[in-house]
Every structure is written in structure tokens, then in C-alpha cells.
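Notes follow once the structure below has been shown.
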Amino acid sequence: MFSERLKKLKPYKTETTPAKVRLSSNELPYDLPEDLKVKIAERLKKVNLSLYPDPEAGELREAIGEFWGIDPKNIVLGNGSDELIYYLSIIVGEFSEGVYIPVPTFPMYEIGSRVFGRPVYTVPLGKNFDIDLPESLKVISSEKVSLAFFSYPNNPTGNLFSREAIEKIRNQGVVVVVDEAYYSYSGETFLEDSLKRSDTVVLRTLSKIGLAGLRVGVLIATEEVVREINKVRLPFNVTLPSQVIACTVLREGKEFIASCVEKVIRERERLFKELSGFEGLEVFPSRANFVLIRSKEIDLYRELLKEGILVRDMSHLPLLEGCVRVTVGKPEENDMFLEALSKVLKCHA
Ligand code: PMP
Numbered sequence: 051m052f053s054e055r056l057k058k059l060k061p062y063k064t065e066t067t068p069a070k071v072r073l074s075s076n077e078l079p080y081d082l083p084e085d086l087k088v089k090i091a092e093r094l095k096k097v098n099l100s101l102y103p104d105p106e107a108g109e110l111r112e113a114i115g116e117f118w119g120i121d122p123k124n125i126v127l128g129n130g131s132d133e134l135i136y137y138l139s140i141i142v143g144e145f146s147e148g149v150y151i152p153v154p155t156f157p158m159y160e161i162g163s164r165v166f167g168r169p170v171y172t173v174p175l176g177k178n179f180d181i182d183l184p185e186s187l188k189v190i191s192s193e194k195v196s197l198a199f200f201s202y203p204n205n206p207t208g209n210l211f212s213r214e215a216i217e218k219i220r221n222q223g224v225v226v227v228v229d230e231a232y233y234s235y236s237g238e239t240f241l242e243d244s245l246k247r248s249d250t251v252v253l254r255t256l257s258k259i260g261l262a263g264l265r266v267g268v269l270i271a272t273e274e275v276v277r278e279i280n281k282v283r284l285p286f287n288v289t290l291p292s293q294v295i296a297c298t299v300l301r302e303g304k305e306f307i308a309s310c311v312e313k314v315i316r317e318r319e320r321l322f323k324e325l326s327g328f329e330g331l332e333v334f335p336s337r338a339n340f341v342l343i344r345s346k347e348i349d350l351y352r353e354l355l356k357e358g359i360l361v362r363d364m365s366h367l368p369l370l371e372g373c374v375r376v377t378v379g380k381p382e383e384n385d386m387f388l389e390a391l392s393k394v395l396k397c398h399a
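The opening position of the sequence shown corresponds to residue 51 in the working numbering, with each subsequent residue numbered one higher.
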């Protein structure tokens with residue numbers, strides 16, 4: 051009764067285990083300030099929920115455009131960028147054509163491709179978790195590949211891939227999707243290319259800057275790409291409350307978001323420095339709001355959980371044996387994590 055395409059697929063899993071400190075989902079560790087919440091509540095009070103939302107989310111696209119300096123005509127919104135990943139798999143090439151994904155990376159690229167029966171070509175990352183260009187070009191030239199996904203910076207390794215490698219893959223006639231979910235923490239972007247050329251699409255999200263609960267993903271591309279996405283986009287895919295709240299926060303909470311991002315970056319650098327001093331621990335530099343660490347001796351995920359700290363286990367992924375991904379939290383949460391880590395490492399020394 052069910053499709054062959056789905057046989058090997060597993061539902062996307064997230065961490066729901068209860069814990070004292072949750073550093074597992076790369077969310078912003080700060081809730082909105084009270085005065086902004088009051089403004090949101092006032093706006094929501096005036097909203098007539100019996101009506102459908104604006105199907106184009108025009109005002110929110112304008113607010114996002116102002117926030118990142120982009121013309122709204124180059125923006126399409128999704129119910130999280132996850133939805134937009136599906137749409138890209140639908141509009142680029144044919145379902146018989148392959149999708150290239152350097153791994154380990156964000157799992158939705160593979161799920162979003164397999165759901166439509168597209169062949170997936172994963173190539174393990176090379177040195178310093180960068181793209182293995184010779185292997186990648188070999189696969190791309192021997193198979194029919196029309197689409198590639200890059201998490202930039204890469205979740206879960208935290209690094210930015212080399213720009214030239216992405217460009218060389220693009221030169222093979224492949225449409226490249228540059229997922230800048232962590233853009234606020236890296237400052238690096240393919241935005242200019244995405245506005246000029248239809249073979250380059252940028253994804254961003256409001257999820258990592260304090261609004262994960264709203265589910266607003268952002269696709270930035272030429273008007274040509276935007277037109278094709280809109281043909282397959284579900285109508286009303288961004289809810290009315292999400293549109294109202296996101297507009298308010300982006301327009302009136304800009305400084306709040308900037309100060310939170312700054313704090314997280316400062317804490318990321320502190321964590322990196324402190325973690326580098328732990329014996330028996332490998333730490334990988336990060337341009338995102340999380341840090342990847344490795345212990346060859348102990349099961350970091352389980353041992354930290356015993357201490358009440360929830361992180362994301364990555365040890366089952368290729369190249370990531372012994373690794374966990376730790377979201378940068380508030381300073382006091384990071385202190386608790388460091389203390390717990392110091393305890394579990396000492397216990398096993
Ligand atoms: N892309 C990457 C690289 C991510 O890490 C995540 C979230 N973990 C997403 C996309 C999902 O974003 P959204 O919440 O907008 O669906």
C-alpha cells in the first residue's frame with residue numbers, strides 16, 4: 051500500500067528528553083523581552099483569526115527585506131526552511147536526477163530528496179570537514195546531478211565550506227542551495243550571487259535568532275526561481291499569528307536580536323577556549339551557534355545527560371565517532387555544561 055520511496059526513510063528525530071539544561075536544538079537561549087511581548091499581545095488581540103492569512107505574506111516579506119537588506123520580490127517564505135527544502139527538490143530538474151549532499155550534514159536535505167524518489171549522492175567531507183572536491187566532482191561528472199545542498203556553516207560540524215569548492219560544483223551545471231540558517235553567527239553569505247543567478251539559492255530562517263516557535267523559513271533567489279517556487283508552494287503556508295509576530299519582532303526587536311547574537315558569539319568563543327583546555331577532548335572551531343566536541347574515551351551524550359545536560363548525539367554519523375553537538379547557551383548554562391563535562395572527563399581519566 052505504501053510507496054517504495056519511503057521504505058528506508060525514518061521520521062526526523064529531535065531531542066525531547068527532559069533535562070535541567072537543554073543545549074540540543076541550536077535555538078537562541080533568550081526569550082523575547084517583556085515589552086516586546088506586550089506589543090505582540092496587543093497586535094494579536096486585533097487579529098481576526100477567522101480569516102485566512104495573506105497568502106503572499108507581503109508585509110512579513112517586507113519586514114524581512116528591511117531586516118536583511120533584500121528586495122521582497124526576491125523572497126519566498128516557508129513553514130520553516132524545512133518546507134523550502136522540499137520545494138527546491140520539486141522545482142529543480144526531474145525527480146530522476148540526482149541530488150549531491152556532502153555529509154555529515156543537516157538530515158532534511160536527504161529526506162527532502164528521497165521523499166520524491168530522487169537519487170541521493172552523499173560524499174563524506176574531507177580534511178577539516180571541508181568539501182572533498184575531487185571525490186565530489188567525480189560523482190557529479192559520472193552521475194546526472196542537478197541539485198546540491200550546502201549547510202553554510204555546516205550543521206553539525208560548525209565550519210564554513212570553501213567558497214571555491216561550492217563555485218566549482220556550481221560550474222558543473224548544478225543548482226546550489228546555500229543554507230545560511232546560521233548566517234547571523236557567521237556573517238558569510240552567497241546573497242549577491244542568489245540575486246543575480248538562478249543557479250544559486252540562499253536559505254535563511256528566523257529559527258536561530260529567537261523565533262523557532264513561529265516556523266518561518268526564508269528563501270532568497272532571482273524572481274525566476276521565486277516564480278517556480280510559488281507554483282508549488284502550499285497556499286497560506288505561514289500562519290497569521292506567525293506573520294504578525296515576526297513583523298513585530300523584526301521591526302521593533304532588531305536591537306534585542308543583535309545583542310543576543312553578539313552574546314552568543316562571545317560565549318561561543320569562550321566555550322571554544324575553555325574546551326580546548328580539556329584533556330581527552332577534541333574541539334572543532336565553529337562559525338555557528340553550536341560547538342562540536344569529541345571524546346574517544348567516554349559516551350559524552352550519556353554521561354552529560356546523567357549530569358542533567360542535554361546535548362545532541364552525533365556519534366552515529368560518518369566521521370563523527372564520539373562526537374556531540376553542543377548549542378551555545380546563556381553564560382550560566384554554559385558554565386553548568388563546562389562543570390559537568392569537567393566532572394565526567396575527570397571521572398574517566
Ligand atoms: N537548516 C539547517 C542547516 C539547520 O540546522 C536547521 C535547523 N536545525 C534548519 C535548516 C531548519 O530550519 P527551520 O527551523 O527554519 O525549518
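Beta carbons are placed, not taken as given, at the ideal position from N, Cα and C, and that holds for glycine.
Start and end residues, alpha helix (DSSP H) containing ILE190:
Within the sequence shown, the letter at position 140 stands for residue 190. 183 to 192 is the extent of the alpha helix (DSSP H) around ILE190.
Assigned exposure category for SER236 - 16 Cβ within 10 Å defines buried
As a working mapping, residue 236 is identified with position 186 in the sequence shown. Its Cβ being crowded by 16 or more others within 10 Å, SER236 is buried.
Can you name the residues that DSSP bridges to LEU229?
Here the question's residue 229 lines up with position 179 in the sequence shown. The amino acid at residue 229 is misidentified as Leu; the sequence shows Asp. Note: ASP229 sits in a beta bridge opposite SER201, LEU253.
Following the continuous alpha helix (DSSP H) through LEU94, name the residue where it begins and the one where it ends.
In the sequence shown, counting from the first residue as 1, residue 94 sits at position 44. Here the alpha helix (DSSP H) through LEU94 covers 84 to 95.
For the stretch 325 to 374, list the beta strand (DSSP E) runs that are entirely contained and at least 3 residues long, ordered along the chain.
332 to 334, 340 to 344
Does ligand 1 have a heavy atom nearer than 8 Å to the CB of SER123?
Mapped onto the sequence shown, residue 123 falls at position 73. A quick correction: the sequence has Lys, not Ser, at residue 123. No; taking the cut-off as 8 Å, the Cβ of LYS123 has no heavy atom of ligand 1 nearer than that.
Range covered by the beta strand (DSSP E) that runs through TYR62
Locating residue 62 in the sequence shown gives position 12, counting from the first residue. That residue, TYR62, is in no beta strand (DSSP E); it is neither H nor E in DSSP.
Mind checking who TYR171 pairs with in its DSSP beta bridge?
If you number the sequence shown from 1, residue 171 lands on position 121. DSSP, once it has assigned bridges, lists TYR150 as partnering TYR171.
Tell me, which residues are paired with ILE270 by DSSP?
The residue you call residue 270 lines up with position 220 of the sequence shown. Answer is ILE125, VAL252.
Taking buried to mean at least 16 other C-beta atoms within 10 Å of its own C-beta, is LEU101 buried or exposed?
On the sequence shown, position 51 is the one that residue 101 refers to. Here LEU101 is exposed: its Cβ has fewer than 16 other Cβ atoms, across all protein chains shown, within 10 Å.
Exposed or buried, what is GLY330 when buried is set at 16 or more other beta-carbons lying within 10 Å of its beta-carbon?
Translated into positions along the sequence shown, residue 330 becomes position 280. Burial call: exposed.
Indicate, with yes or no, if ligand 1 has a heavy atom lying under 8 Å from the CB of GLU133.
Within the sequence shown, residue 133 is the residue found at index 83, counting from 1. Yes, since a heavy atom of ligand 1 falls inside the 8 Å radius drawn around the Cβ of GLU133.
Under the three-state DSSP convention, the category THR298 falls into
As a position in the sequence shown, residue 298 is number 248, starting the count at 1. THR298 falls in the helix class under three-state DSSP.
Around the Cβ of PHE52, are there at least 16 other Cβ atoms within 10 angstroms (buried) or fewer (exposed)?
Numbered from 1 along the sequence shown, position 2 holds the residue referred to as residue 52. PHE52 should be labelled exposed.
Spatial distance of VAL311 from LEU256 (CA atoms)
In the sequence shown, counting from the first residue as 1, residue 311 sits at position 261. In the sequence shown, counting from the first residue as 1, residue 256 sits at position 206. So the alpha carbons of these two residues sit roughly 12 Å apart.
Buried or exposed: ASN178, going by 16 or more other Cβ atoms within 10 Å of its Cβ?
By 1-based counting over the sequence shown, the position of residue 178 is 128. That one is exposed.
What whole-angstrom Cβ distance do PRO83 and PRO154 have, given they're in contact under 8 Å?
Walking along the sequence shown from the start, residue 83 turns up at place 33. Walking along the sequence shown from the start, residue 154 turns up at place 104. Wrong, their Cβ atoms sit about 36 Å apart, outside the cutoff.
Am I right that ILE190 and PHE211 are in contact with their C-beta atoms under 8 Å? What's the rounded C-beta distance?
As a position in the sequence shown, residue 190 is number 140, starting the count at 1. As a position in the sequence shown, residue 211 is number 161, starting the count at 1. Wrong, their Cβ atoms sit about 15 Å apart, outside the cutoff.
Do you know how far the Cα of GLY148 is from the Cα of VAL195?
The residue you call residue 195 lines up with position 145 of the sequence shown. The residue you call residue 148 lines up with position 98 of the sequence shown. If I take the Cα positions, the gap works out to 4 Å.
Around the Cβ of PRO368, are there at least 16 other Cβ atoms within 10 angstroms (buried) or fewer (exposed)?
By one-based count along the sequence shown, residue 368 stands at place 318. Under this definition PRO368 is an exposed residue.
Flag TYR208 as yes when its Cβ comes closer than 8 Å to any non-hydrogen atom of ligand 1, and as no otherwise.
Here residue 208 refers to the residue found at position 158 of the sequence shown. Residue identity check: residue 208 is Gly in the sequence provided, not Tyr. Answer for GLY208: no, Cβ out of range of ligand 1.
Assess contact between the stretch 376 to 396 and the stretch 327 to 341, defined as three or more Cβ pairs (one per stretch) separated by less than 8 Å. Is contact present?
yes
Classify THR66: buried if its beta carbon has 16 or more other beta carbons within 10 angstroms, exposed otherwise.
Counted from its first residue, the sequence shown places residue 66 at position 16. Its Cβ having fewer than 16 others within 10 Å, THR66 is exposed.
Go ahead and pull the three-state DSSP assignment for SER131.
Your numbering for residue 131 matches position 81 in the sequence shown. Residue state, collapsed to three classes: helix.
Below 8 Å CB to CB, which residues in the same chain sit around GLU273 once its five sequence neighbours on both sides are set aside?
Locating residue 273 in the sequence shown gives position 223, counting from the first residue. Excluding residues up to 5 positions away in sequence, LYS123, ASN124 lie with their Cβ nearer than 8 Å to the Cβ of GLU273 in the same chain.
Starting from the Cα of VAL299, find the closest Cα among ILE219, ALA113, VAL228 and give me that residue.
As a working mapping, residue 299 is identified with position 249 in the sequence shown. Looking at the Cα atoms, ALA113 is the closest of the given residues.
Starting from ARG277, follow its DSSP beta bridges and name the residues at the other end.
The sequence position of residue 277 within the sequence shown is 227, counting from 1. BP columns for ARG277 are empty, so no partner.
State the DSSP-derived secondary structure class of SER392, mapped to helix, strand or coil.
Taking the first residue of the sequence shown as 1, we reach residue 392 at position 342. It is helical.
Rounded to the nearest angstrom, how far is the Cβ of GLY263 from that of LEU86, given a contact under 8 Å?
Position 213 of the sequence shown, counted from the start, is the residue given in the question as residue 263. Position 36 of the sequence shown, counted from the start, is the residue given in the question as residue 86. Contact flag wrong, Cβ pair sits at about 14 Å.
Closer than 8 Å: VAL266 CB and nearest ligand 1 heavy atom
Residue 266 sits at position 216 when you count from the first residue of the sequence shown. Checking the Cβ of VAL266 against ligand 1 gives yes.
Bridge partners for ARG72 per DSSP, in chain order?
Taking the first residue of the sequence shown as position 1, residue 72 is located at position 22. DSSP, once it has assigned bridges, lists LEU360 as partnering ARG72.
Take the Cβ of ASN287 as the centre, count every other Cβ of all protein chains shown within 10 Å, and call the residue buried at 16 or more, exposed below.
On the sequence shown, residue 287 is found 237 positions in, with the first residue counted as 1. Classification for ASN287: buried.
On the CB-based measure, 16 or more other CB atoms within 10 Å of its CB, does PHE166 come out buried or exposed?
By one-based count along the sequence shown, residue 166 stands at place 116. The Cβ neighbour count for PHE166, taken over all protein chains shown within 10 Å, is under 16; the residue is labelled exposed.
Per DSSP, which residues does VAL195 bridge with? Please list them.
Counting from 1 along the sequence shown, the entry for residue 195 is found at position 145. GLY148.
CB of PHE240 to nearest heavy atom of ligand 1: below 8 Å?
Looking up residue 240 in the sequence shown gives position 190. No, Cβ of PHE240 sits at least 8 Å from all heavy atoms of ligand 1.
Can you check which of these residues, ILE359, MET386, GLU383, is closest to VAL374 by C-alpha distance?
Counting from one through the sequence shown, the residue named residue 374 turns up at place 324. Taking only the C-alpha atoms, the option nearest VAL374 is ILE359.
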